[in-house]
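Structure first, commentary second.
Number of protein chains: 2
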Amino acid sequence: MKGLQKLFDPKSIAVIGASNEQGSIGLSLMKNLVGSGYKGTVYPVNPNRKNVFGIRCYKSVLTLPEEIDLAIVATHAKIVPIIIKQCIKAKTKSIIVVSSGFGEIGKEGKMLEKEVKKILRGTGVRLLGPNCLGYIRTDKKINASFAIRNALPGKIALISQSGALCSGILDWALKQNVGFKYFISIGAMLDVDFSDLIEFIQKDKKVESIAVYMETIKDAKAFMKAATKFSKKRPIIVAKSGRFDESARAAISHTGSMAGDDEVFDAAFERAGIVRVENIQELVGCSQALAKQPLPKGNRIAIITNAGGPGVMATDAIIQRKCKLAHLSKRAMKALEKEMPMHWSRGNPIDLLGDAGPDRYKKAIEIVLKEKNVDGIVVILSPQAISKPVEVAKAIAEKISGTSKTVLACWFGENFVEKGREILRKMNVPCYRTPESAIRVFSYMNSYRENIKNLYEAPVETELKVKPDKEKINGIIASYLKRGQIVVNEIDSKEILREYGIPINKTFLSKNAKQAVKEAEQIGFPVAMKVVSDEITHKTDIGGVALNIVSKKEVESQFKKIIKNAKRVRGAKIKGVSVQKMIEAGNIELIIGKKNDSVFGAVIIFGTGGIATEIFKDKSIGLPPLNQNLARRMIKNTKVNKLLNSPRIRLKADVSEITGILTRFSHFVVDFPEVEEVDINPIIVSKGKFYAVDARMVLTRHAKKGFEHLAIMPSRKK
Amino acid sequence: MKGLQKLFDPKSIAVIGASNEQGSIGLSLMKNLVGSGYKGTVYPVNPNRKNVFGIRCYKSVLTLPEEIDLAIVATHAKIVPIIIKQCIKAKTKSIIVVSSGFGEIGKEGKMLEKEVKKILRGTGVRLLGPNCLGYIRTDKKINASFAIRNALPGKIALISQSGALCSGILDWALKQNVGFKYFISIGAMLDVDFSDLIEFIQKDKKVESIAVYMETIKDAKAFMKAATKFSKKRPIIVAKSGRFDESARAAISHTGSMAGDDEVFDAAFERAGIVRVENIQELVGCSQALAKQPLPKGNRIAIITNAGGPGVMATDAIIQRKCKLAHLSKRAMKALEKEMPMHWSRGNPIDLLGDAGPDRYKKAIEIVLKEKNVDGIVVILSPQAISKPVEVAKAIAEKISGTSKTVLACWFGENFVEKGREILRKMNVPCYRTPESAIRVFSYMNSYRENIKNLYEAPVETELKVKPDKEKINGIIASYLKRGQIVVNEIDSKEILREYGIPINKTFLSKNAKQAVKEAEQIGFPVAMKVVSDEITHKTDIGGVALNIVSKKEVESQFKKIIKNAKRVRGAKIKGVSVQKMIEAGNIELIIGKKNDSVFGAVIIFGTGGIATEIFKDKSIGLPPLNQNLARRMIKNTKVNKLLNSPRIRLKADVSEITGILTRFSHFVVDFPEVEEVDINPIIVSKGKFYAVDARMVLTRHAKKGFEHLAIMPSRKK
């Protein structure tokens, strides 16, 4: 993030492409810069004009009377490289390119981007954009953008990847009285990217939260590092669009098809402590709340309302968001009983009834603020005949000042309550239109608290207790690559995994029926038999699997049948049939897998395996490296976890055993990045033990070393 | 719904409890009535006043100069019974009681309700309320409410069960320019309930949709009948709060714990063709759209936008809501290519770019309106430097007039675009703040279309092809009730179900090990053995199940083990051990069940059974009676349906067979309402066949006959 100081605190700014033309970006930039109270010098640059916006205009950046800190370039894309060369020659410290016409328009634009990158290389000059709106910094009164609205001063830093959304967000924020310290349109990230900005903002202690509208990330590793560091102290809230990945990619492994791009983002955000919200309103609403209200210490909410309906709506939202209705103490109940009218709700939600005025609200809040079991209060006002939205707002804002509990409000309705909403917002109590919105924001605040806790959790033993023979594994992999094969068969995959202490079910390859019989007898009946062929992925589908084989005779007949079925698969080379002990299904089948995500590199999945894998899609995604805590959290995030812990089925599955398997697998993933995809599926849980009965790996020819280490291990609080 | 005509079109109205006191309900009622332009006569009634609001006041309804159509009672609850008696004596045709202090305050209030009901009985006088705000009818300019806002005229009928929310909703609607023909606060439904109002509104052809805010239903049967009839022609949209049922009730059956109260509401709403929305904003937004825009003919949406970001957000929402991004034809692509600027998106979403003005929007819409593969258009404007929110709004509203496609809009932002939103709304194009809101409303409109289709679908054979021996079933049930037992054991439950053609796995009861061996030999190995005891519900948990038994010797030892384990269960009477053929698990286990819901009576569930039943909660809920279509739809709504149809696992499960089982089960449910709960779990699917390997029933001592017939069969379009 070196060199951003001059970009965001310039003493002098040149606007290259400044213009007097109505509706032009060049004029908007000048108006915003000059009109916002900026204390430095603004130089319009345009070879065709004598003056712009009443200010003397210069022919080129080279003819300016001083070296400047920031040049804003608003010329046609094609001449941007020339302009940048001039800037560098003129010792300009930093550049914003607002012009569009780069990567987003295709090949031609991408060439331009490359050219600009080349020019910048080694100069130390930083560039924001291209294809952005610029930025606004309110404390220095710099509006270096062509946004149609200015920002109110505040403590939020907003970064938007969509320039087109900036004016809309500003318009919104203005209405909600939400202010910003920085409002940055990041554009195409040719140079300055998310990690640069997060690191820069990290140094500004007056910023209380970062809000990001994101479409994608370029340098995931730098982003994870910067975000994890920032999140430990202050929240980053992200609204990311593009949740659904419609592109139908053919995935060889279950893991490949199960860990969708956007779900990997979810996992990465959680790992970095980032709070992900659903949309722009929530981004603004949540950043505001995090900047203005104390963080909740837990998920227990008290509802104070003057109507039953919104109380029920809030309760619905509380349960949906996995928060809790706080339990009121006897003391509180007694105090409320004394102060409230006869027919109050006698519980939480605390219904003050329709005729509640400021006094009744005040008394209820006073009582609830003393409750130890309440982490947050959501105050609701639904306009009724004698409601006083303004007076109640004032009373509440007064009453709660200085409390360490989170207080949010919902004034239901529009014009009748708008003034009350405004008062609350001005007094630092975020106020929403619906009970659901308030509860959702509370739940985001709470999940941020949980995130920090996880980031700081005590480090847990990550040392590998097994000693894998890496030479042996390298040998197996090399032999495959030598033959030009990338799919590692069941038997070799199991051999590799066994080195990392994955409890595989010992499996033998038989070339003919006689050998199969011999192996089966040695293993002991019943056995399972499966075709071994690099080309056959879904063995069950083609009749390549036989289970529960109980006799020599059956082994012989099944061998023939499997080979016969497999031969029908066009182009499949058959290596033989594998024989292994039949594990009595304990009804639980798990999957552990790895895939390489195009943005975040290696990811690990854990979940329900077997036939149900792609039907229930019950899984969680984690980023390596994993320690015991992270592995446990992954397991906890699945539905099958309940089954692993169910007393009903008397599995007595040792969850610490599966945690160990997962962390050891994570070591394997880190050690062998050249294994691109792994499916261990199913792992059968039978009588409390785990058996990996099938496994498969896919190699990459071009191992990307270091591809796997994007996440950062939690560390003890300093 | 008899007698509602006078309630909603009164020639004369008395306000009993009329008052001059500021802030009183009596004054609000007078102000609203007199101030709204009502053409009839308003009589204030109050024994303590000479005049109210400048109008001569009467001592009692008995001293009025004429018989009146409607009395609005706003007195203390305690004297309401006396007032009502007077009204009846004075031949008043209908009554609204706005007073609170009835059922909602507990025992005392419930007594008052009973008293009022008794007084009304047989008089033909209808009563709206108590504990309501009254109603507004805009076409007759009647504001018989004490709401703080009036309603704009419109074509929506709104019914709210929460009085406290009414003013908020009106405030909202006013801001959004949404009008109502009726705006009814239904209150405690002492007499007039949802079905009455729906039937009444059904006769008013000018109403285009009914919007309901609901907390619960009293008479489910009447509601289902009225709603189903109305939905066939015009939409009913419901926002129901109280989604989560926190009350932890001990359920004996899986079905009991799986079909939550609110999920039954979902099933009932779907059956009646009702569109359920999430909250009040959606209720208003969706009713408005359904009243103002044509119904979409499918789920294919074209997005027209001036910015990429909101286009992506809309796409996310489209996929989440199971709609589709419309595929643009070659013709459209060619036409757009000609009209759009060079760097337009070349696909759907159609990104017109940031400098798009009214003309470009118009051209894009013109081209898309001609597309056969587009069912709806969502037009988005994100404010940018040269955006013209008002001009674009006008251009669009003009361009689309007369189209049969659904058109919705989203003007992103606040003050900068508010005027544009208003223009669109006034020109009948619902306009939202976010792309998601617009897409959600579209998806609700589309699901309404699907609902109607289902209501009108061709009737399907519902005749039962098996002839159950009902005498035999009655005998079994009677024998249990005689013994005072309500849990029917596996063997008898299977006997009963077999009569309805449920493919049970023939099961024998053995009293001792010797008998068990004999039975096992007769059945053929392997067999399964389970304890038979009315007191033991979860047999696996206590070690009461043995599977895969392959020898006589094992039968003997397992018999002893099961009995030993069962004896440890305190208070359990052991009848013996059941023996049945072991079915080789084909990896799919299903559950079919029945429970009685407290509101809707009998409900049927279908889903994933076995050990995964309560973990994945993969199920769908249906109301009997079922025909083949309804049963098929239930199956389709589960995840396990994919597995039933999966070619991968080569099950060849005959879905029509399971459809048949489900419809036959529905016949059983209808025939035997005294069976309160049924679990058939699991039904194992093995090699394409179905085997009900376990079953249990719970009887009710007091059979509620007729409890089961709340839903109405679809019928052919008339």
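Respectively, the protein sequence lines represent chains A and B.
The opening position of the first sequence corresponds to residue 1 in our numbering, with each subsequent residue numbered one higher.
The opening position of the second sequence corresponds to residue 1001 in our numbering, with each subsequent residue numbered one higher.
For every residue, glycine included, the Cβ atom is placed at its ideal position computed from N, Cα and C.
Computed from a prediction, not measured in an experiment: that's the story for all the values here.
List, in order along the chain, the chain B residues whose C-beta lies closer than 8 Å to that of Ile25(A)? Stepping through the first sequence from its first residue, residue 25(A) is reached at position 25. Neighbours of Ile25(A) on chain B, chain order: Ala1385.
Give the residues of chain A in contact with Ala1287(B), contact being defined as C-beta atoms less than 7 Å apart. By one-based count along the second sequence, residue 1287(B) stands at place 287. Contrary to the premise, residue 1287(B) reads as Ser rather than Ala in this sequence. Ordered by position in chain A, no residue passes the 7 Å Cβ test against Ser1287(B), which lies about 17 Å from the chain.
Can you give the beta carbon distance from Pro1294(B) to Phe1442(B), rounded, assuming they're within the 8 Å contact cut? Sequence index remark: in the second sequence, residue 1294(B) carries index 294 (1-based). Sequence index remark: in the second sequence, residue 1442(B) carries index 442 (1-based). Not really, about 12 Å apart at Cβ, beyond 8 Å.
Compile a chain-ordered list of the residues in the stretch 409 to 443 of chain A whose CB is closer than 8 Å to at least one CB of chain B. Phe412, Gly413, Glu414, Asn415, Phe416, Val417, Arg433, Thr434 and Glu436
With DSSP as the reference, label Met697(A) as helix, strand or coil. The sequence position of residue 697(A) within the first sequence is 697, counting from 1. If DSSP states are grouped into helix, strand and coil, Met697(A) belongs with the strands.
In chain B, what lies closer than 8 Å to Asp279(A) by C-beta? Here the question's residue 279(A) lines up with position 279 in the first sequence. Looking at the sequence shown, residue 279(A) is not Asp but Asn. Result: Met1313, Thr1434 and Glu1436.
Rounded to a whole number of angstroms, what is the C-alpha to C-alpha distance between Lys31(A) and Lys419(A)? Position 31 of the first sequence holds residue 31(A). Position 419 of the first sequence holds residue 419(A). Cα-Cα distance, rounded: 32 Å.
Which ranges does the alpha helix (DSSP H) cover as unbroken runs of at least 4 residues, wholly within the stretch 1036 to 1112 of chain B, from first to last along the chain? 1080 to 1089
Counting only Cβ pairs nearer than 9 Å, list the residues of chain A close to Glu1215(B). For this step, residue 1215(B) is matched to residue 215 along the second sequence. Here the neighbours are Gly308, Gly309 and Val312.
Residue range of the beta strand (DSSP E) that Gln580(A) falls in? Within the first sequence, numbered from 1, the residue matching residue 580(A) stands at position 580. Run containing Gln580(A): Gly576 to Lys581, per the beta strand (DSSP E) assignment.
With H, G and I counted as helix, E and B as strand and the rest as coil, what does DSSP make of Pro153(A)? On the first sequence, residue 153(A) is found 153 positions in, with the first residue counted as 1. Strand at Pro153(A).
Check whether the stretch 1033 to 1047 of chain B touches the stretch 1129 to 1149 of chain B, taking contact to mean three or more Cβ pairs, one atom from each stretch, closer than 8 Å. yes
Could you give the first and the last residue of the continuous alpha helix (DSSP H) run that contains Ile1423(B)? On the second sequence, position 423 is the one that residue 1423(B) refers to. Where Ile1423(B) is concerned, the enclosing alpha helix (DSSP H) stretches over Asn1415 to Lys1426.
Nearest chain A C-beta to Ile962(B) closer than 8 Å, yes or no? This structure cannot settle anything about residue 962(B), because the visible part of chain B is limited to 1001 through 1718.
So, with DSSP's three-state summary, where would you put Lys11(A)? Stepping through the first sequence from its first residue, residue 11(A) is reached at position 11. If DSSP states are grouped into helix, strand and coil, Lys11(A) belongs with coil.
Please return the same chain residues whose Cβ sits closer than 6 Å to the Cβ of Asn1451(B), not counting the five positions on each side in sequence. For the purposes of this step, residue 1451(B) is identified with residue 451 of the second sequence, where counting begins at 1. Correct list, in chain order: Gly1273.
Taking the DSSP output, what are the residues bridged to Gly1402(B)? Taking the second sequence and counting its residues from 1, the one referred to as residue 1402(B) is at position 402. Answer by DSSP bridge pairing: none, since Gly1402(B) is not bridged.
Below 9 Å between beta carbons is the criterion; list the residues of the stretch 163 to 188 of chain A that meet it against any residue of chain D, in chain order. Absence of chain D from the displayed structure is noted, the protein chains being A and B.
Under 8 Å, Cβ to Cβ, is there at least one residue of chain B near His343(A)? If you number the first sequence from 1, residue 343(A) lands on position 343. So, interface residue.
Answer yes or no: does any C-beta atom of chain A fall closer than 8 Å to that of Ile1621(B)? For this step, residue 1621(B) is matched to residue 621 along the second sequence. Output row for Ile1621(B): interface = no.
When you check each C-beta in the stretch 627 to 643 of chain A against every C-beta of chain B, which residues fall closer than 8 Å? Lys639, Val640, Lys642 and Leu643
My output table needs one value for Pro673(A): the three-state DSSP class, helix, strand or coil. Along the first sequence, read from residue 1 onward, the residue named residue 673(A) stands at position 673. Pro673(A) falls in the coil class under three-state DSSP.
Taking C-beta pairs closer than 9 Å, name the residues in chain B that Ile79(A) reaches, listed in chain order. Here residue 79(A) refers to the residue found at position 79 of the first sequence. Going along chain B, no residue has its Cβ under 9 Å from Ile79(A), so there is no contact; the nearest lies around 18 Å.
Chain B within 8 Å of Leu154(A), Cβ atoms only: Counting from one through the first sequence, the residue named residue 154(A) turns up at place 154. Residue identity check: residue 154(A) is Gly in the sequence provided, not Leu. No - not a single Cβ of chain B is within 8 Å of the one on Gly154(A).
Can you tell me the Cβ-Cβ gap for Cys1431(B) and Ala1395(B), rounded? I've got them flagged as a contact below 8 Å. Here residue 1431(B) is taken as the residue at index 431 of the second sequence, counted from 1. Here residue 1395(B) is taken as the residue at index 395 of the second sequence, counted from 1. Actually they are not in contact, since the Cβ atoms of Cys1431(B) and Ala1395(B) sit about 14 Å apart, beyond 8 Å.
So Ala572(A) and Ile536(A) are supposed to be a Cβ contact under 8 Å. How far apart are they, rounded? Position 572 of the first sequence holds residue 572(A). Position 536 of the first sequence holds residue 536(A). Confirmed, about 5 Å.
CB-CB under 8 Å to Gly179(A), same chain, minus the five flanking residues each way: which ones, in chain order? Start at 1 with the first residue of the first sequence, and residue 179(A) comes out as number 179. Taken in chain order, the residues that qualify are Thr138, Ala151, Leu152, Pro153, Gly154, Lys155, Ile156 and Ala173.
Below 8 Å on C-beta distance, what does Gly1660(B) contact in chain A? Walking along the second sequence from the start, residue 1660(B) turns up at place 660. The premise fails here: Gly1660(B) is roughly 23 Å from chain A at the closest Cβ pair, so nothing lies under 8 Å.
Val1603(B): first and last residue of the uninterrupted beta strand (DSSP E) it sits in: The sequence position of residue 1603(B) within the second sequence is 603, counting from 1. Where Val1603(B) is concerned, the enclosing beta strand (DSSP E) stretches over Gly1601 to Thr1608.
Pick helix, strand or coil for Ala272(A), following the three-state DSSP scheme. Translated into positions along the first sequence, residue 272(A) becomes position 272. If DSSP states are grouped into helix, strand and coil, Ala272(A) belongs with coil.
Close-in-space but distant-in-sequence residues of the same chain around Lys324(A) (CB under 6 Å, 5 per side omitted): Residue 324(A) sits at position 324 when you count from the first residue of the first sequence. Same-chain partners within the cutoff: Asn299 and Arg300.
Would you call the CB atoms of Glu263(A) and Arg234(A) closer than 8 Å? Taking the first residue of the first sequence as position 1, residue 263(A) is located at position 263. Taking the first residue of the first sequence as position 1, residue 234(A) is located at position 234. No. Outside cutoff.
Against chain A, does Arg1149(B) count as a neighbour if the rule is that its beta carbon must be under 8 Å from one of theirs? The residue labelled residue 1149(B) in the question sits at position 149 within the second sequence. Yes, its Cβ sits closer than 8 Å to a Cβ of chain A.
Any idea if Lys717(A) is buried or exposed, counting beta-carbon neighbours within 10 angstroms, 16 or more meaning buried? By 1-based counting over the first sequence, the position of residue 717(A) is 717. Residue confidence for Lys717(A) is low, a pLDDT of 45 falling below 50, so the modelled location carries little weight and cannot support an answer.
Pull the bridge partners of Trp411(A) from the DSSP assignment, please. For the purposes of this step, residue 411(A) is taken as the residue at position 411 of the first sequence. Trp411(A) is bridged to Leu381(A).
Looking at the strands, I want to know which residues DSSP matches up with Glu1589(B). For this step, residue 1589(B) is matched to residue 589 along the second sequence. Glu1589(B) is bridged to Ile1684(B).
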